[in-house]
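Each protein sequence line maps, in turn, to chains A and B.
Mapping of the first sequence onto numbering that gives the first Met the number 0: position 550 corresponds to residue 549, and the numbering continues sequentially without gaps.
Mapping of the second sequence onto numbering that gives the first Met the number 0: position 330 corresponds to residue 329, and the numbering continues sequentially without gaps.
Written below as structure tokens is the structure these notes are about.
There are 2 protein chains.
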Amino acid sequence: MTYAELNRLPERISIADYLCHRLRQLNVRTIFGLPGEFNMPLLDRIYATDGMRWAGNANELNSAYACDAYSRMKGLGCLVTTFGVGELSVLTGVAGSYAEHVGILHIIGMPPTSAQTKQLLLHHTLGNGDYNVFYRIGSDIACHAQILSDSEFCFQHVDNCVEMAWNEQKPVYLGIPVNRVHMMVNSSCLNRPLNLDTINFKSDTNAHDNVILSEEAEYKYDELIGMILKKIYASERPVIVVDAGVIRHQITKEAEDFIKLTKFPSFVTPMGKGSVNENVPNFDGVFTGSLSNPNVKELVDNSDCVLVLGCLLAEFSTSTFHFYYRTKNKNKILVFSKSVKIKNLTFPDMKVEIIMEKLLQKYDPSRTKRNFSHIDTINVPRQTLSNDHLLKQEWVWHEFSNWFKPGDVIVTEVGSSAFGIIQIKFPPRTQSISQPMWGSSGYSIGACLGVLFAIEEFKEEAGVTSNLSLPNGETINLKNLQDRRVILFVGDGAFQIAMQEISTMIRWDLTPYIFLLNNEGYSVDRFMNNKSNLSKFDVQPWKYLNIFKIFGALNYETRKIVTLGDLREMIADENFNVDDKIRLVEIILPSTDVPPALLEKWIRERTQSKVIKESPRFFDTPESSEFSEMEELTPRGSKHNSIISL
Amino acid sequence: MTYAELNRLPERISIADYLCHRLRQLNVRTIFGLPGEFNMPLLDRIYATDGMRWAGNANELNSAYACDAYSRMKGLGCLVTTFGVGELSVLTGVAGSYAEHVGILHIIGMPPTSAQTKQLLLHHTLGNGDYNVFYRIGSDIACHAQILSDSEFCFQHVDNCVEMAWNEQKPVYLGIPVNRVHMMVNSSCLNRPLNLDTINFKSDTNAHDNVILSEEAEYKYDELIGMILKKIYASERPVIVVDAGVIRHQITKEAEDFIKLTKFPSFVTPMGKGSVNENVPNFDGVFTGSLSNPNVKELVDNSDCVLVLGCLLAEFSTSTFHFYYRTKNKNKILVFSKSVKIKNLTFPDMKVEIIMEKLLQKYDPSRTKRNFSHIDTINVPRQTLSNDHLLKQEWVWHEFSNWFKPGDVIVTEVGSSAFGIIQIKFPPRTQSISQPMWGSSGYSIGACLGVLFAIEEFKEEAGVTSNLSLPNGETINLKNLQDRRVILFVGDGAFQIAMQEISTMIRWDLTPYIFLLNNEGYSVDRFMNNKSNLSKFDVQPWKYLNIFKIFGALNYETRKIVTLGDLREMIADENFNVDDKIRLVEIILPSTDVPPALLEKWIRERTQSKVIKESPRFFDTPESSEFSEMEELTPRGSKHNSIISL
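Structure below.
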């Protein structure tokens with residue numbers, strides 16, 4: 000039976016219904032956004048489509064973050080906003096998806112075309128009759144932008160937009176004027192499988208076999224694979240770095256298999272963290288450029304063959320605060336999503352999915368020299384401390400590493416959390432959601448909501464499907480799946496920016512762990528600028544633990560953690576380990592404390608490097624001697640531990 | 000003494016200091032925004048400049064709204080964001096300032112120029128080396144965009160940007176790369192008065208006399224004034240409509256004087272509300288196009304000379320939900336900020352300030368026919384109700400009209416509040432802050448913060464200045480000034496979008512009245528779409544009154560108002576009338592209730608009009624008969640009245 004027959008669709012359906020079905024075929028079942036005058040008829044169709052739901056976010060920017068994280072879990076997210084006020088409000092989130100290569104379909108409910116033609120001064124416009132300004136802006140932060148036409152073939156616009164968002168893993172802008180929501184198309188058009196680079200893991204009716212390459216393409220790929228393997232076989236000290244492209248293009252399994260097969264020292268970037276099993280013996284930690292653990296840095300810098308899989312950065316040799324690839328090594332092989340770069344030559348139109356498939360087929364382990372040294376790069380506290388000791392970042396992350404379980408999804412905010420999380424080893428199948436490239440403060444709360452929706456859907460599907468595949472291609476069993484907890488680490492500054500989205504979690508009875516690192520403001524910024532006026536990094540002190548009550552939560556738990564003992568007690572608590580309710584844990588930290596990954600590397604960086612001198616942090620960062628003072632600081636506040644559980 | 004001498008400035012100062020002093024000269028003393036890596040050195044200079052302060056907002060979009068409202072009070076606002084993540088987050092707010100003609104200087108801390116030149120992949124970029132994308136976007140929603148050059152003459156960029164924002168009353172985009180913050184310029188450049196169209200009301204050292212026109216310009220203006228007066232004198236039924244341009248260009252006093260002088264029936268637009276004294280005998284209410292009171296509509300539609308002062312709309316004959324000027328009258332005189340349109344001809348380069356000055360000089364009352372009928376257009380409840388009656392919008396606004404005092408500043412959210420407020424008569428010197436054109440949900444909370452900062456500064460100045468001038472040109476005495484209360488009306492949907500900015504009010508010990516209209520979500524949207532699935536208009540029910548505690552407030556009061564009696568008791572409470580603490584009052588309303596201004600006019604519109612048929616609301620709006628059912632609905636929740644005061 001065809002899709003239309005299976006779903007008993009009438010011969011003619013509205014384009015809005017068509018769109019909903021296309022999304023459902025890709026297993027995109029939650030749509031994010033806020034209602035607005037020009038998107039309402041569209042929202043009605045979401046409600047009318049079986050198996051689809053409207054998240055009903057509290058705040059528009061948060062809805063974009065939620066959509067982004069949902070896509071990271073499921074391969075695609077869909078965001079609906081209204082013309083002008085709505086679409087501009089989500090722009091920071093959409094730009095984050097662009098920067099971090101996340102596929103989202105951004106649908107904008109637009110004024111009726113007649114109003115646009117006549118340039119009437121509708122509200123939500125700039126008042127100058129320019130209806131194109133928002134489209135121009137949207138196009139600038141999208142891999143494709145389209146306003147739905149009024150032709151019989153408008154369904155092709157929808158198909159094209161959905162395919163682009165999925166295949167390019169970038170935002171797509173689709174404007175739908177309100178008067179075109181109800182245009183009719185043939186439901187049979189839904190029977191055509193979408194043209195997807197990656198095989199969707201639950202497209203029952205849409206599944207199509209692996210792409211069959213033309214003979215010419217086969218030659219092209221084989222020739223390139225030959226070049227790559229030749230370099231690898233000739234290498235004395237090869238290393239593999241896995242970047243986020245392997246997550247976006249759902250080839251994490253292939254990447255992991257290749258790591259196991261080669262036994263090369265292997266690393267992930269901060270964006271790639273969680274992509275591969277960190278318990279593979281030759282997994283050697285996180286490569287963060289100049290901020291890397293010295294052993295990691297040495298291995299990568301001295302390698303004569305650095306193979307970067309799913310590379311997201313246009314230039315490997317780049318300098319940022321998060322990524323500093325200062326490798327002098329010219330023996331680089333960068334496998335981007337749609338091209339490969341070897342040394343200085345770029346080979347276009349080479350898809351990472353096919354490259355990985357062929358690498359796995361053709362790699363011959365016997366032809367590689369096997370003298371690889373491995374390292375332990377995980378930071379452990381310099382000393383063991385007693386329970387009554389006040390907390391510091393250094394110990395927090397170490398303790399948490401014992402609490403994480405296989406299958407956990409860990410969402411981290413820009414700042415302390417993102418730096419902290421990269422220094423610990425994940426259990427198998429742990430997924431990490433963060434935004435190291437775009438780095439928008441407040442991202443993590445909306446992102447956590449998006450992950451929660453995705454996990455809930457995975458669990459629901461598990462109820463009807465015995466054999467469930469994850470977006471990373473792995474097949475896991477039901478029990479594992481039901482154990483997948485969602486864990487958020489967020490600082491107080493970011494919490495204040497975006498906390499209303501916790502209300503949406505409560506509205507949907509979702510049960511994350513929210514760990515609020517309370518260090519009285521923007522600590523990483525404060526750290527980087529400790530000569531500047533500190534009050535600008537402060538935030539108003541809130542009574543965070545009362546927030547569930549305000550938002551109307553009934554089934555929740557809150558805790559305040561001040562000492563190492565508090566933390567250990569919580570982690571040892573069996574009941575606490577089951578994610579049967581929403582939880583907020585406030586962790587009190589010194590205001591000038593930062594994770595050791597940042598602290599130690601930063602000192603090294605300060606003394607060694609000659610990077611961008613103009614940057615303010617290079618003027619203003621504290622001298623090494625000042626850090627020792629900072630370390631002596633103790634957290635404010637008295638010891639206090641409260642548990643409220645209704 | 001020159002400005003530089005008076006302020007004992009060294010001969011050379013940094014461009015950042017220069018900028019701060021230019022803002023201070025214009026009495027812009029609070030800067031809005033959030034800290035970010037690329038704006039920190041600039042923020043340091045704000046702290047270093049005497050009399051300047053950094054607001055330290057909780058959320059970026061809210062900071063833009065605060066800046067917008069601050070500018071509406073003081074003539075200019077300044078917003079500082081960081082590259083990429085920051086500047087995109089405020090875009091909806093900046094676009095609102097553009098749409099509603101509000102002058103703001105938006106300063107963006109940018110990465111060092113060397114990084115831009117080399118296209119290094121810094122974080123907060125799209126990762127494609129395109130550093131211009133944010134500038135392009137910013138330029139699209141600004142009357143002027145500039146990136147600070149590295150020349151000795153960069154101070155001219157600053158002057159130009161400040162002058163443009165002030166004179167054009169639109170956003171200006173000024174990018175400052177971090178490495179240029181400390182460029183040195185001569186402090187003596189500050190001695191040159193800025194070139195401002197409107198005389199700044201407190202530019203002690205910068206004041207300059209009224210613009211002296213060239214002979215040619217005099218002829219030009221005289222000729223045009225002659226044409227305008229000829230039309231007016233010939234008119235049988237002239238009316239005046241005052242739009243927001245008179246507020247932005249600080250000629251409210253002139254507009255009011257002209258209304259008094261002519262005795263013509265006079266109206267304000269929703270955006271112009273609060274611009275003129277509504278107790279002048281010939282003030283006849285608010286003109287909201289097709290949504291107007293029928294008497295208002297008749298007077299304007301049948302007028303043979305509609306003089307619109309400070310017109311903001313590019314076309315008078317336009318159709319929007321908020322403004323519907325369906326006048327068949329061709330005898331229109333539209334005085335825009337920089338041009339005049341008579342019938343179909345436009346006269347460019349005519350400044351509204353000069354037009355108003357000359358109209359007042361040359362208008363001869365004896366030459367006008369004086370047979371004007373006046374009307375009472377204020378809605379009053381259809382019946383008097385007892386105290387135990389549950390509330391409805393109709394009665395709420397009427398009761399509040401008895402509570403407002405001269406000098407109050409009333410901030411209203413899009414939705415019920417904006418519709419409600421236009422139906423009541425303001426006391427003299429009442430200012431109204433709302434966003435009827437752009438209509439971004441969540442605007443009012445940030446806006447309220449901006450107003451509070453401005454009022455606080457007015458009060459501080461009153462302590463040192465005996466004779467204080469308001470931005471509308473009026474001079475008022477100290478006592479009046481100190482009585483100016485800031486009153487916010489906001490719905491629960493909007494409250495959830497933006498409520499963290501209340502924390503900033505608490506941080507600064509500001510004392511607004513916050514009236515939260517709790518009608519379980521987006522009521523105006525629900526009203527306009529009552530055939531669609533209602534759940535999308537719902538929001539999670541919160542325990543709103545506890546929010547002050549979370550935000551760490553110490554001196555506050557909360558109330559819950561369910562019946563008319565509760566409301567009357569509150570309004571009669573002498574203590575409540577003094578704004579000595581921050582207050583949150585939750586007003587429980589039926590979820591399908593809307594203000595009568597909306598309800599009644601909408602029914603009329605439905606039955607009479609043939610406007611844009613494609614708009615969804617014309618398909619989906621309820622029939623008139625359905626309204627009577629809606630009116631019967633009673634509010635949920637039991638009667639409950641609590642007062643907490645610490």
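Glycine included, every Cβ here is placed at the ideal spot set by N, Cα and C.
Residue i at chain A interface by Cβ criterion, 8 Å
i: B/Ser-433; result: no
i: B/Arg-21; result: no
i: B/Asn-58; result: yes
i: B/Gln-168; result: no
i: B/Thr-319; result: The predicted position of B/Thr-319 is uncertain, since its pLDDT is 40 and thus under 50; a value taken from the coordinates is nonetheless stated next. Closer than 8 Å to some Cβ of chain A, the Cβ of B/Thr-319 qualifies, so yes.
i: B/Met-87; result: Before going on, a small fix: residue 87 of chain B reads as Leu here, not Met. Yes, because at least one Cβ of chain A sits closer than 8 Å to the Cβ of B/Leu-87.
i: B/Ser-439; result: yes
i: B/Ala-15; result: no
Reduced DSSP category for residue i - H, G, I as helix; E, B as strand; rest coil
i: B/Val-184; result: strand
i: A/Val-485; result: strand
i: A/Asn-166; result: helix
i: A/Arg-28; result: coil
i: B/Leu-588; result: coil
i: A/Met-72; result: helix
i: B/Lys-331; result: strand
i: B/Arg-582; result: strand
i: B/Ser-440; result: coil
i: B/Ile-420; result: helix
i: A/Trp-402; result: coil
i: B/Leu-509; result: coil
i: B/Met-39; result: helix
i: A/Lys-357; result: helix
i: A/Lys-340; result: strand
i: A/Glu-10; result: coil
i: A/His-123; result: coil
i: B/Cys-66; result: helix
Environment of residue i [buried if 16+ CB atoms lie within 10 Å]
i: A/Phe-152; result: exposed
i: A/Tyr-64; result: buried
i: B/Glu-669; result: Since the first residue shown for chain B is 0 and the last is 645, residue 669 of chain B is missing from the structure and cannot be characterised.
i: A/Ala-54; result: buried
Residue i at chain B interface by Cβ criterion, 8 Å
i: A/Ser-400; result: no
i: A/Met-436; result: yes
i: A/Leu-90; result: yes
i: A/Thr-591; result: no
i: A/Thr-287; result: no
i: A/Thr-124; result: yes
Tell me which residues of the segment 132-164 of chain A have at least one Cβ-Cβ distance to chain B shorter than 9 Å, keeping chain order.
Residues of the segment 132-164 of chain A with a C-beta less than 9 Å from any C-beta of chain B: Val-132, Phe-133, Arg-135, Ile-136, Asp-139 and Ile-140, listed in chain order.
Kindly confirm or deny that the segment 228-236 of chain A and the segment 353-371 of chain A touch, where touching means at least three C-beta pairs closer than 8 Å.
Contact between the segment 228-236 of chain A and the segment 353-371 of chain A is present, because at least three Cβ pairs lie under 8 Å.
Between the segment 62-85 of chain A and chain B, which residues of the former have a C-beta closer than 9 Å to a C-beta of the latter?
The residues in question are Gly-83, Val-84 and Gly-85.
Taking a Cβ distance cut-off of 8 Å, strictly less, list which residues of the segment 534-552 of chain B are near chain A, in chain order.
Ser-534, Lys-535, Phe-536, Asp-537, Val-538, Gln-539, Pro-540, Trp-541, Lys-542, Tyr-543, Asn-545, Ile-546, Lys-548, Ile-549, Phe-550 and Gly-551
Interfacial residues, the segment 216-234 of chain A to chain B, with Cβ spacing under 7 Å
none
Report yes or no: do three or more beta-carbon pairs, one from the segment 417-436 of chain A and one from the segment 32-51 of chain A, lie closer than 8 Å?
no
Please name the residues in the segment 479-509 of chain B whose beta-carbon is closer than 8 Å to at least one beta-carbon of chain A, in chain order.
Gln-495, Ile-496, Ala-497, Met-498, Gln-499, Ser-502, Thr-503, Ile-505 and Arg-506
Are the segment 301-308 of chain A and the segment 234-242 of chain A touching by the rule of at least three beta carbon pairs closer than 8 Å?
These segments touch.
Using 8 Å as the cut-off, can you tell me whether the segment 483-492 of chain A makes contact with the segment 425-445 of chain A, which would need three or more C-beta pairs spanning the two stretches below that distance?
Yes: at least three Cβ pairs fall under 8 Å.
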